[in-house]
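Numbering (the working numbering), first residue to last: 489 to 733. Beta carbons: idealized from backbone N, C-alpha and C, even for Gly. Report on the structure given below.
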Amino acid sequence: MQSSLVRTDVTQVDSLQSTGHRLTVPDAAKMVGEIYSGVAGAIKYKQSLRPYICPFHTLVDLVPRGSSILDVGCGAGVFITMLARLERIRSAVGFDSDGPAIAVAKQVAATFPMSEQIHFEQRAAQDKWPDGRFDVVSVIDVMHHVDPLNHADVIGTAAEHIADGGILIYKDMASRPLWRAWANRLHDRLSVQEWINYAKMDDVIGWARAANLQCESRGAINMLWYRHEWCVFRRPSTAAPSATH
Ligand SMILES: C[S@@+](CC[C@H](N)C(=O)[O-])C[C@H]1O[C@@H](n2cnc3c(N)ncnc32)[C@H](O)[C@@H]1O
């Protein structure tokens, strides 16, 4: 279902594995509301609103079934817990610099049947990342919070953590059109008291290329006054198999 407030422009997504049943925004919101129903305080409501302004309903379809995933800047774990609820992943590691968000992610994950396969850690993207290589590395709405001096390193380090043949899902707020970019800037100024710094998608693609990743598909969507864009990068398979999570 697509309302006039949600406009999608997705290219080449058909080449990716699909759930067969696509989630709608209300489906995603209902799921997230259920996942966080036992959480106290404002963070519960913040998570419940995320599916209305972030296209999780579409992003979950980019994750191949049975994947291991590393979610960078995972917040309170909404992407990982949705994927776990959809039985789309076999294991997950999420990390974020925000301690209270990680505490909520751990609390929620503990209620899942596959809780032993889900790990959340407090650490910053500039610090050492969790060990291992993963079928999927995701960076969702994090880059604009990172110091621009570290933008290229985030992509380079993400590339090092992708298993051969695996993917990087990079999604962030679009820097154009300007009115939408400014709407999001004001959102972050009011909600987290931060002036954010957009990374241009062309720059992200350039850093990914330098790290031997190929841009396989791109998409964009407007949700309310926010514009999102994403790119799926693949790390080529090599002849020698590598140890993965
Ligand atoms: C808009 S939230 C997105 C959270 C999550 N990816 C999601 O989509 O719900 C941005 C997150 O990035 C985290 N973050 C910002 N700078 C970071 C950094 N340098 N290292 C790790 N996480 C960071 C924040 O703590 C916050 O949880």
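In this structure, the beta-carbon distance from R538 to V566 falls below 8 Å. If you ignore the 5 residues before and after E704, its C-beta comes within less than 6 Å of the C-beta of V720, R722, all in its own chain and listed in chain order. Collapsing the DSSP output to three states places G694 in a helix. In the three-state scheme derived from DSSP, where H, G and I count as helix and E and B as strand, N700 is classed as coil.
It is roughly 25 Å from the alpha-carbon of P514 to the alpha-carbon of I590. The residue among R576, R677, A612 with its C-alpha nearest the C-alpha of I606 is R576. Taking the Cα positions, W718 is about 18 Å away from D623. Around the beta-carbon of H632, 16 or more other beta-carbon atoms lie within 10 Å, marking it buried. Per the C-alpha coordinates, the member of S525, E682, H545, M519 positioned closest to R510 is H545. For the stretch 579–628, the full-length alpha helix (DSSP H) segments reaching 4 residues or more read 587–597 along the chain.
Nearest to A662 by alpha-carbon distance, out of A613, D641, G653, W713, is W713.
If you ignore the 5 residues before and after P601, its C-beta comes within less than 7 Å of no other C-beta in its own chain. Between Q610 and S585, the CB-CB gap stays under 8 Å.
Taken through DSSP and simplified to helix, strand or coil, S663 comes out as coil. One alpha carbon belongs to H675, the other to T726, and they sit about 43 Å apart.
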